[in-house]
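The structure appears right after this line, and notes come after that.
There are 2 protein chains.
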Amino acid sequence: MREFIPSAARFADLPARFPLFRGATLTGARIAYETVGKLSPRRDNAVLILTGLSPDAHAASHPADTRPGWWEAMVGPGKPVDTDRWYVICLNSLGSCKGSTGPASVDPATGRPYGPDFPELSMEDIADAAAHTVRALGIGRLACVIGTSMGGMSALSLLARHPGLARGHINVCGAAGALPFAIAIRSLQREAIRTDPDWNQGRYDDGAYPERGMFTARKLGMLTYRSAQEWDVRFGRTRITAQPREDDGPFGHEFQVESYLERHARRFTRRFDPNSYLCLSRCMDRFDLGESCGGGTDEALSRISLERALVIGVETDILFPLHQQEQIACGLSAGGTDVEFVPMDSAEGHDAFLIDTARFGPPVAKFLTAF
Amino acid sequence: MREFIPSAARFADLPARFPLFRGATLTGARIAYETVGKLSPRRDNAVLILTGLSPDAHAASHPADTRPGWWEAMVGPGKPVDTDRWYVICLNSLGSCKGSTGPASVDPATGRPYGPDFPELSMEDIADAAAHTVRALGIGRLACVIGTSMGGMSALSLLARHPGLARGHINVCGAAGALPFAIAIRSLQREAIRTDPDWNQGRYDDGAYPERGMFTARKLGMLTYRSAQEWDVRFGRTRITAQPREDDGPFGHEFQVESYLERHARRFTRRFDPNSYLCLSRCMDRFDLGESCGGGTDEALSRISLERALVIGVETDILFPLHQQEQIACGLSAGGTDVEFVPMDSAEGHDAFLIDTARFGPPVAKFLTAF
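Chains A and B, in that order, give the protein sequences.
Here the UniProt record's numbering is used: the first residue of the first sequence is 1, the next is one more, and so on.
Here the UniProt record's numbering is used: the first residue of the second sequence is 1, the next is one more, and so on.
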């Protein structure tokens, strides 16, 4: 079990005993974060970014770590999330393996990684840990919480559970709860990992590692992060021409789309802790803002108090389909928030927010400029 | 390796040496079929049904086998494909495991099942074997070829390779070629089987059987046979209440949609030969009518000579998306065929033709009545 911590990550300690939504308690946990930009003397220019399942806290390059971040095109001086004006905090989610406490972290009670003994985590815990971190940084009120993908879930949870912590919200390809198609996909991803004999009930190591399961999980993910339309144009029926092919066995790969999935999966399998993947994946399935807050999803959304919100979705997104962002927009609006809903016709599916930044940039810039 | 042959199946021998599209030769192969209805004295009322990947030749109940068939609601006396008028022939595809020669059949050269040594099969071979069977039944011209799903591919191949063999055609959720999203899904299904250690390069038996791989392949299939919209309504976020749950391990099943996939997968894994699955799955990926006939897909479709065609697709189908049926309709129409294109707004996705027969019945009945 390994953690993958960005070089410039800083850490905020959670309370010594941090109570979890489902009843357990985490001891001595911490949250990894990075900041870009400068906090204003009035401490009123902080923008929090909550990430999807796999990214770390390195959203953008900055002097302490000049590597491009996972949202480099969107965050930086003069960019849509303009760090000349905003003090941007990006968090690694609780339960992840990129610096925040998760299954790959050492359990202070045993001196060994938690592994499968990491307590049951919920989206509400990810939200609470983020809220605690913001306050630990001396910020009483955020200008804006931005949540992308899974981060769009944890952001809603944070807003519902910590009223007044943010004035504005940008929800990017998020959802107020998981629906059965996405649950089915994630269930199959988890099953691929859990049934890999090398998962060994969560007690793997670098030698005996559930590589095959992680591989399948990632490929299945890629199928839902992009869109059929994009692939029709990008790959069509083009064959693999390179010799030797990566998978040349009986019934082996033959088309470029297969080779593309293979390359992406190879890059991922050893760079994300499998138990952490299982843990965050299940958090998403279990997330239901309406169930968590009581009263149903629409009511829970309408009770969130914000000045303004921007909700963006993508027409070709099959994992977090557009009607889920529409629900967020309508629900927030019903509660009196001034909401702008932007459906994008990007071809890139769920991942469009990472790729089609030419289209995502302008509404985000406009929203933040008006603040 | 096992074959699963319906009790009333009859058999047509292919020529002693049957040449395959990719160069090999099959020796002593046969095709399993069933017929419902009565061939007219002028032999002009035959309707051929070509199936998807998994069905057998038992499309509908008849006196010799009264079990309901896989298209029971559509085929029978007074039904849309009315067996009071039509002599309906349903074939099991060459390469399958339900009576027609395939990897689970005995290789006459060795006296043992072909297994992984079954020669490379193509959609063109499935089509040629079907054409041969029709002629062996003494039918020079079919009134209509109906192809559903993969059968919509083999039907187009048959029409292109055997001009004049049919007057009419009904293409149901078919395609003139495989596109990258479907290729990626099937590639992942094959990978799940191939990487199951019990697949053993295709040399499994009932004891050491790639059950886990077949399981994953089937679940992945179910994800693409239905639609997110259907599941939102059908399952929503309902939990499994039955105790014990089928999969109660760590990160085990919790939602009804997971339990549904589990049940469907369990019913399938031991009832379809894995090598046969691999073989037919690859036939679909490789199928490209334009490449096969030369000149591109639209031209290949326009060269097909028919009197009339009905092309049906489903708006929620993500495996054989609607634009593929639209392409078939446009291509056939450009060649002078009188084409009716019917896009259905069924919620059931690709499988709608098996379920939403209330909607599929009327256009099929109308089309065949007018013949």
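From the three backbone atoms N, C-alpha and C, an ideal C-beta is built for every residue, glycine too.
At least one CB of chain B closer than 8 Å to the CB of residue i: is that the case?
i, result
"SER54(A)", "no"
"HIS264(A)", "no"
"LYS79(A)", "no"
"THR337(A)", "no"
"PRO116(A)", "yes"
"THR195(A)", "yes"
"LYS98(A)", "no"
"GLU124(A)", "no"
"ASP345(A)", "no"
"GLU258(A)", "yes"
"TRP231(A)", "yes"
"GLY236(A)", "yes"
"ARG271(A)", "no"
"residue 393(A)", "A query on residue 393(A) cannot be resolved here, the shown segment of chain A reaching from 1 to 371 and no further."
"PRO180(A)", "yes"
"ASP288(A)", "yes"
"ILE185(A)", "yes"
"ASP285(A)", "yes"
Count the other CB atoms, across all protein chains shown, that sit within 10 Å of the CB of residue i; report buried if there are 16 or more and exposed otherwise.
i, result
"GLY249(A)", "exposed"
"ASP317(A)", "buried"
"PRO41(A)", "exposed"
"PRO77(A)", "exposed"
"GLY140(A)", "exposed"
"GLY336(B)", "exposed"
"GLY37(A)", "buried"
"GLU246(B)", "exposed"
"THR241(B)", "exposed"
"LYS98(A)", "buried"
"GLY102(A)", "buried"
"VAL75(B)", "buried"
"GLY207(A)", "exposed"
"THR224(B)", "buried"
"ALA64(A)", "exposed"
Could you name the residues that DSSP lists as bridge partners for residue i?
i, result
"ASP65(A)", "HIS62(A)"
"PRO19(B)", "THR25(B)"
"GLY313(B)", "PRO343(B)"
"GLU34(B)", "CYS90(B)"
"residue 373(B)", "Here chain B covers residues 1 to 371 and nothing more, so residue 373(B) does not appear."
"ILE193(A)", "For ILE193(A), which the question treats as bridged, DSSP gives no partner whatsoever."
"PHE11(B)", "ALA32(B)"
"ARG112(A)", "ASP107(A)"
"VAL134(A)", "The partner list for VAL134(A) (beta bridge, DSSP) is empty, contrary to what the question assumes."
"ARG203(B)", "For ARG203(B), which the question treats as bridged, DSSP gives no partner whatsoever."
"ARG308(A)", "GLY168(A) and ASP338(A)"
"residue 383(B)", "Residue 383(B) lies beyond the range of chain B shown here (1 to 371); nothing can be said about it."
Using a Cβ-Cβ cut-off of 7 Å (strictly less than) and excluding sequence neighbours within five positions of residue i, which residues of its own chain qualify?
i, result
"GLY138(B)", "ARG43"
"LEU261(B)", "LYS219 and MET222"
"THR269(B)", "GLU211, MET214, PHE215 and ARG218"
"residue 426(B)", "Within the shown structure, residues of chain B are numbered from 1 to 371, placing residue 426(B) beyond reach of any answer."
"ASP338(B)", "GLU307 and ARG308"
"SER105(A)", "GLU3, PRO113 and TYR114"
For residue i, which residues in the same chain have their Cβ closer than 8 Å to its Cβ, ignoring the five residues on either side in sequence?
i, result
"ALA352(A)", "CYS173, VAL314, THR316, ASP317, MET344, SER346, ARG359 and PHE360"
"ARG167(A)", "ARG141, LEU142, ALA143, CYS144, LEU306, GLU307, ARG308 and PHE371"
"ALA334(B)", "ASP298, LEU301 and SER302"
"TRP70(B)", "THR51, PRO55, ASP56, HIS58, ALA59 and LEU354"
"GLN243(B)", "none"
Taking residue i as the query, report the chain C residues whose CB atoms sit under 9 Å from its CB, ordered along the chain.
i, result
"GLY249(B)", "Any reference to chain C falls outside this structure, whose protein chains are A and B."
Excluding the 5 residues preceding and the 5 following residue i in the sequence, name in chain order all residues of the same chain whose CB lies nearer than 6 Å to its CB.
i, result
"PRO108(A)", "THR27 and GLY28"
"PRO19(A)", "THR25"
Of all the CB atoms in chain A, is at least one closer than 8 Å to the CB of residue i?
i, result
"TRP71(B)", "no"
"HIS350(B)", "no"
"SER154(B)", "no"
"THR216(B)", "yes"
"LEU121(B)", "no"
"LEU94(B)", "no"
"ALA208(B)", "no"
"LEU322(B)", "no"
"ILE318(B)", "yes"
Uninterrupted alpha helix (DSSP H) stretches inside the region 324 to 368 of chain A (no shorter than 4 residues):
Counting only runs of 4+ residues, the alpha helix (DSSP H) found wholly inside the region 324 to 368 of chain A occupies 352 to 355, in chain order.
In chain order, each alpha helix (DSSP H) run of at least 4 residues that lies wholly inside the region 223 to 291 of chain A
Counting whole runs of 4 or more residues, the region 223 to 291 of chain A contains the alpha helix (DSSP H) stretches 228 to 234, 256 to 269 and 274 to 286.
What are the start and end residues of each continuous alpha helix (DSSP H) run of 4 or more residues lying completely inside the region 145 to 181 of chain A, in chain order?
Within the region 145 to 181 of chain A, the complete alpha helix (DSSP H) runs of at least 4 residues are 150 to 161.
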